[in-house]
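Just below is one structure, and these are the notes that go with it.
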Amino acid sequence: MKTKKYFILIYLTLLIIYSCNNKQNTDNNKKYVKDNESLERINETLVNRDAEVIKNFINRNRWDMSVTEAGLYYMIYKKGNGPKVEEGKTVIINYEISLMDGTVCYKSDSSHPKSFVVGKGNVESGLEQGILLMRKGDKAKFILPPHLAYGLLGDENKIPPRSVIVYDVEVLDICN
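Residues 877 to 1052, numbered by this note's numbering, are exactly what the sequence shown covers, in order.
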């Protein structure tokens, strides 16, 4: 009989503790969902604001650009006749990265072009998306909003936080 009372007492204590803890988890989940919804609204506002700034920039420069679903703006202004860039291939490019105010941040020179394997994630996601639209010999301009470039922090060197960047790119070669 005594063992049965202890068992019931332990069972009720665990039930109470679990119930209290479960309420706390529910409160935490509600807070998490609310915070997550707020962050989504803020992100949507920033993406829309960036898109407006980019569209105004494109109109001022009178560029005829297309936009991908991800928000990459691009214009191939010189068509090459080489093979199309594919994931897994190494591309060799000349490039210039500038801010929308014209400040040049980085630039390759003819003796030191940049090379990277497409699809490995070693460059900005917007650059990879744009390169996949090109062929050997193409020249293009890409406008990368912050979420496709250096994001909230910039590159902690020449590209400031939350910067829209403009790439001028030429595909020099595609290697296996």
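Cβ coordinates follow ideal geometry from the N, Cα and C atoms, glycine included.
Extent of the continuous alpha helix (DSSP H) to which Glu1004 belongs: For the purposes of this step, residue 1004 is taken as residue 128 along the sequence shown, with counting starting at 1. Looking at the DSSP string, the run of the alpha helix (DSSP H) that includes Glu1004 is Ser1001 to Ile1007.
Buried or exposed by the 16-neighbour rule on C-beta atoms within 10 Å, applied to Gly1002: Along the sequence shown, read from residue 1 onward, the residue named residue 1002 stands at position 126. Classification for Gly1002: buried.
Those runs of the alpha helix (DSSP H) which lie wholly inside the segment 974 to 1047 and span at least 4 residues: 1001 to 1007
Cross-strand partners of Asp1049 (DSSP beta bridge): In the sequence shown, the residue the question calls residue 1049 occupies position 173. Ile968.
Same chain only: Cβ atoms within 7 Å of Pro989, ignoring 5 sequence neighbours per side: By one-based count along the sequence shown, residue 989 stands at place 113. Ile968, Ile969, Asn970 and Leu1048.
Proximity below 8 Å, CB of Val1045 to CB of Ala1025: For this step, residue 1045 is matched to residue 169 along the sequence shown. For this step, residue 1025 is matched to residue 149 along the sequence shown. Not a contact, by the Cβ cut-off of 8 Å.
Rounded C-alpha distance that separates Leu1020 from Glu913: Indexing the sequence shown from 1 puts residue 1020 at position 144. Indexing the sequence shown from 1 puts residue 913 at position 37. Distance between the alpha carbons of Leu1020 and Glu913: 25 Å.
Beta-carbon spacing of Arg1011, Lys960 below 8 Å: Along the sequence shown, read from residue 1 onward, the residue named residue 1011 stands at position 135. Along the sequence shown, read from residue 1 onward, the residue named residue 960 stands at position 84. Contact flag set, yes.
Contacts around Gln1005, its chain only, beta-carbon distance under 8 Å, and the 5 residues preceding and following it disregarded: Taking the sequence shown and counting its residues from 1, the one referred to as residue 1005 is at position 129. Excluding sequence neighbours, Gln1005 sits near Thr944, Ala946, Leu948 and Leu1024.
C-alpha gap between Ile1041 and Gly978, whole angstroms: Taking the sequence shown and counting its residues from 1, one reaches residue 1041 at position 165. Taking the sequence shown and counting its residues from 1, one reaches residue 978 at position 102. One C-alpha to the other measures close to 10 Å.
Beta-carbon contacts of Phe992 that lie in its chain and below 6 Å, excluding the five residues immediately before and after: To locate residue 992, count along the sequence shown from 1; it is residue 116. Same-chain partners within the cutoff: Asn998 and Val999.
Residues bridged to Ser942 [DSSP beta-bridge criterion]: As a working note, residue 942 is residue 66 in the sequence shown. The partner list for Ser942 (beta bridge, DSSP) reads Tyr950.
Beta-carbon gap between Glu1032 and Val994 smaller than 8 Å: The residue given as residue 1032 occupies position 156 in the sequence shown. The residue given as residue 994 occupies position 118 in the sequence shown. No, Cβ-Cβ distance for Glu1032 and Val994 is not below 8 Å.
Same chain, Cβ closer than 8 Å to Tyr950, neighbours up to 5 away in sequence not counted: In the sequence shown, counting from the first residue as 1, residue 950 sits at position 74. Correct list, in chain order: Met941, Ser942, Val943, Thr944, Gly1006, Leu1009, Ala1016, Lys1017, Phe1018 and Ile1019.
DSSP beta-bridge partners of Lys874: Outside the shown range of the chain (877 to 1052) lies residue 874, about which nothing can therefore be said.
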